[in-house]
Every structure is written in C-alpha cells, then in structure tokens.
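Structure first, commentary second.
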Amino acid sequence: MPELPEVETIARGVDARVRGDRIVDVWFGTHREPFKTPAVRQAEGLHERKIVSVHRVGKHIVVELGGENDARSGKKPARTQDSAIVAQWVVHLGMTGRLLVTSPDAPVAKHTHARLRLASGRELRFVDPRRFGRLDFRDLRKGQAFAGPGAEPLAIEPAEFVQLFRGRKLAIKAALLNQTLLAGVGNIYADESLFRAGIRPRRKAGRLTRVELEKLRLALRDVLEHAIRLGGSSVSDYVDAEGVRGFFQLEHCVYQRTGEPCLRCGSTIKRIVVAGRSTHYCAHCQR
DNA sequence: CATTTCACCTGGTGGC
DNA sequence: TGCCACCAGGTGAAAT
24 MPELPEVETI ARGVDARVRG DRIVDVWFGT HREPFKTPAV RQAEGLHERK IVSVHRVGKH
84 IVVELGGEND ARSGKKPART QDSAIVAQWV VHLGMTGRLL VTSPDAPVAK HTHARLRLAS
144 GRELRFVDPR RFGRLDFRDL RKGQAFAGPG AEPLAIEPAE FVQLFRGRKL AIKAALLNQT
204 LLAGVGNIYA DESLFRAGIR PRRKAGRLTR VELEKLRLAL RDVLEHAIRL GGSSVSDYVD
264 AEGVRGFFQL EHCVYQRTGE PCLRCGSTIK RIVVAGRSTH YCAHCQR
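Take the first sequence: its position 242, counting from 1, is numbered 265 in my numbering, and each next residue is one higher.
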C-alpha cells in the first residue's frame, strides 16, 4: 500500500489526533503476529505511556513515547517528565497495513492486529490483511532508538545523491527501490520520477550522468511533494488515518497506464519487469 | 560484498 | 455462481 507520501499523510493525520493522548489499554492479536518485538513485550512497553508525537522516517511511522509506565506496579504514572521521550513504537505498513484512529465503538475490521485505547476515548488500530507490516517497540534507555536506513529523498543534497549511485551496476529503478540507499521510494514513485526525469528504468545506476541524476533528484522531490499535497495515491484500498482516500493516482503519468497513450507524446506506455516489480515507462520520452 | 530471486500473505479481478 | 490464474503499493533471507 504505502510509500513515502502515503506514510507521511498517515503520520500527520495520526499525530493530529493522538498527540498528547495517553495509552490506557493495549490489545494485540495472536494469530501469527506481524511483530518484530513479541506482542507481550510491546503491550507492557506501551501501557500508560504518553504519545509525545508521531512522524515518518522513510516508510516507517515512529510514535514517540514519554512517561513512566509504572502502572503495573500500582503506582500513579509520573506526570512531571511526561514529555521526555523514553521509547518508540515503530509501525511499518507493508503492502496493506493501515493505522487508524477510531471511536471505541467503531466496528473492528477483519485482520485487526493491535488496538490501543487512549485516555481521550479514541482508539489507535493497526489493520493488515496481508501481514507484511511490522510492529516494533524500542526502549531508548536500552539504546534501541530507531534509525531508518537510507537518505531522505526530500532532504538529500545533489552531491550526496550522485554519490549514492556511483559505481553501481544495478538498474536505476532497482536502486531507487533499495531502502538502504533512499528511504521511502516504492514502485509508484520510482516509475513516476523516472518518467518525469526522462530516464529509462533499466539504465545502469552508475552510468547515469551528473546532469541526469540531478534531474532525477528534482523529479523525485517534486513528485513526492505533489503527492503529499494530494494525500497520497489510493490505488486500491489505501486510506489515511481518518479513512479518507488520496488523489495522486489521478496524476500518475505512467504507473498502471500500460497500453494507454503517454500524456506527453502520445506513444503507448509499456510494461516490463525490473527487480521483480512491474515497471511502466514511455520508450519515447525516457532514454 | 553486490545483485537477483523468491517466499511471505490475503484479496480482488477477469477469463472461462 | 464457481474455479482458477494472475496481479498487487514491501521487505529480507537465500541463492548466485
């Protein structure tokens, strides 16, 4: 489901609704859980924490947590140092994951794997039919702070961008999808940015010129920023934290437009497979 | 090490 | 209506 613009949209929406709230009850499903940290340990760590903020790192959603969760020992939670971040809940949505803020009496969707009841009465729910998503709890006092791999496509400078691909023999499309190089780019925005930069997906990453790479960096940044403004791409079932669809799918130039005319030159959009992923491009506009 | 392939899942779609 | 093949926005382990 989600690439950088969708994850950014969701993180902003969740942040707006749960920032400052407190987790008062935690429920995890048990059926082959998509969890990095065992559900029991996550539930213990999340209980009675304050949600300080929610933001995006690459395709990950990081929930910053404060407060002492000593409710289990019967003591009242400490209120003084609430805003100091002591832990993180890291959510990766995989292909079909959703992070939803609901009212407590909203019907529980099939494939709901986690429910966090909040002091405000709302619930934060993780739903993921395909179970490619991951949930992870990190205790900062144990030095487990989350650091996403890869550079941020919205912030990377020209020289660093060039350096990422130097000497690499893999296809530029495959390189864009590699999260340890750039974090957050997936299949849609790889295809769309390569179209806008006029570069064929199968070109070897290390053979691109400095000028081409700068065109690509700017195309990627523009496409991602534009998509964020439109709330992401709703290709099948993607929705934001409120269940609202995005609109960038209406602006796709090549992605899932196989056989249709190129919006720029009119020639037919082709579909090939690169790095095991379907890849869409215009053979006339991309060289 | 760099790169490629494939398994992991459920669900939707379109052909017959 | 049903059955089946194929496709799907992501990763990371295993193979090359």
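Glycine included, every Cβ here is placed at the ideal spot set by N, Cα and C. Bear in mind the structure is a predicted one, so any value in this text is a computation, not a measurement.
| Item | Value |
| --- | --- |
| Cβ shell of Leu-231 (< 8 Å), same chain only, five flanking positions each side left out | Phe-188, Ile-195, Ile-222 and Leu-239 |
| Every unbroken beta strand (DSSP E) within the stretch 133 to 185, with a cutoff of 3 residues, ordered by chain | 135 to 141, 146 to 150 and 157 to 162 |
| Three CB pairs or more closer than 8 Å across the stretch 84 to 93 and the stretch 109 to 124 | yes |
| Three-state secondary structure (DSSP) of Ser-216 | helix |
| Limits of the beta strand (DSSP E) - the one that Ile-295 falls within | 293 to 297 |
| Closest residue to Arg-45 among Gly-299, His-78, Pro-61 and Leu-147 (Cα-Cα distance) | Leu-147 |
| Pro-127 versus Val-47 - alpha carbon distance | 12 Å |
| Phe-188 (DSSP reduced to helix, strand or coil) | helix |
| For Tyr-304, the residue or residues it bridges with in DSSP | Lys-293 |
| Nonlocal neighbours in the same chain, by C-beta distance under 8 Å from Pro-224, ignoring five residues either side | Ala-194, Ile-195, Lys-196, Ala-213, Asp-214, Leu-217, Ile-295, Val-297, Thr-302, Tyr-304 and Gln-309 |
| Nonlocal neighbours in the same chain, by C-beta distance under 7 Å from Leu-141, ignoring five residues either side | Val-41, Asp-44, Arg-45, Ile-46, Val-47 and Leu-147 |
| Nearest residue (CA-CA) to Tyr-278, options Asp-151, Asp-162 and Ile-292 | Ile-292 |
| CB of Glu-175 within 9 Å of CB of Gly-81, strictly | yes |
| 3 or more residues per run - each beta strand (DSSP E) lying fully within the stretch 204 to 253 | none |
| Short Cβ contact (9 Å threshold) for Arg-268 with Ser-257 | yes |
| Val-63 - containing alpha helix (DSSP H), residue span | 62 to 69 |
| DSSP bridge partner residues for Pro-284 (one or two, in chain order) | Thr-291 |
| Same chain only: Cβ atoms within 6 Å of Ala-129, ignoring 5 sequence neighbours per side | none |
| Classification of Glu-180 by the beta-carbon crowding that lies within 10 angstroms, buried from 16 upward | exposed |
| For Asp-38, three-class secondary structure by DSSP | helix |
| Reduced DSSP category for Val-77 - H, G, I as helix; E, B as strand; rest coil | strand |
| Whole-Å CB distance - Pro-172 paired with Thr-119, under 8 Å assumed | Not quite, the Cβ-Cβ distance comes to about 22 Å (not below 8 Å), so this is no contact. |
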